[in-house]
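Asks:
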């Protein structure tokens, strides 16, 4: 994997000024309309339809800056008020072209691409059902960090609470969180945002976007099938190097 150096901050908003002037709000729902406010330092989407929901971004909040951003790290915290369809967005170009993820619905986290209006699943993993509405239990919080660069996307989600797996077969979840990776780079640039569907209320906090720079000196994943970046030598008889299945293989 490439190594990245985090560079100066491109965007930051903790809503301490009580304003939403850094944001644009878009509604692409089949029903209802998003209702975004500032609530105790959070960007809060508080509208909730009685039924429906598409498990995809419907009420979008997008940073006004960033149309030309390419390689960056985007992080924020969210807390589930009800339901479990919280979403983030990177490299947003328009309503038909962006990367997005959905956290928690149906006990999984999915990394997606919307291109030319069609959604494609890039990666998924088990994710515990988000607890909400439990008397005496604070709203659960999650920290999300997505890094997008020349080799694709790395998405990490860490829960800010402890829970027990529902069965012994469930994967172990620890303080490193869950990470999804995709090598897709077909959407080259765009801004960041968050979203819900029409039946989900969510509070989002502490947005940070930092530029990243690839600091790798050398990399080869052998996707070309060749060893053109390599020289081979043998100081004893018999060395035989080849590329096999994306690996450098000494047979």
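Residue numbers (this note's numbering): 4 to 254.
Beta carbons: idealized from backbone N, C-alpha and C, even for Gly.
Small disclaimer: the values here were computed from a predicted structure and weren't measured.
#1: Sorted by chain position, which residues of the same chain lie with C-beta nearer than 6 Å to residue 148's C-beta, five sequence neighbours on each side aside?
#2: Excluding the 5 residues flanking residue 172 on each side, which residues of the same chain have their C-beta closer than 8 Å to its C-beta?
#3: For residue 12, write down the residues that DSSP places opposite it in a beta bridge.
#4: Looking at the structure shown, is residue 240 part of a helix, part of a strand, or coil, going by DSSP?
#5: In angstroms with no decimal places, state the Cα-to-Cα distance between residue 29 and residue 146.
#6: Going by C-alpha distance, which of 202, 80, 60 and 182 is nearest residue 329?
#7: Reducing DSSP to helix, strand and coil, say where residue 100 ends up.
#8: Taking Cβ to Cβ, would you say residue 47 is nearer than 9 Å to residue 203?
#9: Between residue 51 and residue 193, what straight-line distance do the alpha-carbon atoms span, to the nearest angstrom?
#10: Is it the case that the region 86–95 contacts the region 179–186, given that we only count it when at least three CB pairs across the two stretches are under 8 Å?
#11: Taking C-beta to C-beta, are residue 95 and residue 195 nearer than 9 Å?
#12: Anyone know if the C-beta pair for residue 144 and residue 82 falls short of 9 Å?
#13: I'd like to confirm the pairing. Which residues does DSSP put opposite residue 144 in its beta bridges?
#14: Figure out for me which residue from 62, 122 and 35 has the closest Cα to the Cα of residue 190.
#15: List the whole-angstrom C-beta distance separating residue 26 from residue 66, where the pair is believed to meet the contact cut-off of C-beta under 8 Å.
#16: Considering Cα atoms alone, identify which of 209, 63 and 124 is closest to residue 18.
#17: In or out: residue 221 buried (at least 16 other Cβ within 10 Å) or exposed?
#18: What does the Cβ neighbour count give for residue 72, buried or exposed, with the cut at 16 atoms within 10 Å?
#19: Could you spell out where the beta strand (DSSP E) holding residue 116 opens and where it closes?
Replies: Concretely, from the data shown:
#1: Correct list, in chain order: 78 and 159.
#2: Unreliable positioning characterises residue 172 in this predicted model, as indicated by a pLDDT of 38, which lies under 50. A coordinate reading is not provided.
#3: Under DSSP, residue 12 forms a beta bridge with 213.
#4: Note: residue 240 maps to coil in three-state DSSP.
#5: Each residue's CA atom was taken as its position, placing residue 29 and residue 146 some 24 Å apart.
#6: There is no way to answer for residue 329, as the model of the chain reaches only from 4 to 254.
#7: When secondary structure is reduced to three states using DSSP, residue 100 falls in the strand class.
#8: The answer is no: Cβ separation not under 9 Å.
#9: Cα to Cα, residue 51 sits roughly 28 Å from residue 193.
#10: Contact fails: fewer than three Cβ-Cβ distances are below 8 Å.
#11: Inclusion of residue 95 and residue 195 in the CB contact set at 9 Å is warranted, their separation being smaller than that value.
#12: Yes.
#13: DSSP, once it has assigned bridges, lists 82 as partnering residue 144.
#14: For the set 62, 122 and 35, the Cα lying nearest the Cα of residue 190 is the one of 122.
#15: The distance from the Cβ of residue 26 to that of residue 66 is about 7 Å, consistent with a contact at the 8 Å cut-off.
#16: Of 209, 63 and 124, the smallest CA-CA separation from residue 18 is found for 209.
#17: The residue is exposed, with fewer than 16 neighbouring Cβ atoms inside 10 Å.
#18: Its Cβ being crowded by 16 or more others within 10 Å, residue 72 is buried.
#19: It spans 111–118 - the beta strand (DSSP E) in which residue 116 sits, taken as one unbroken run.
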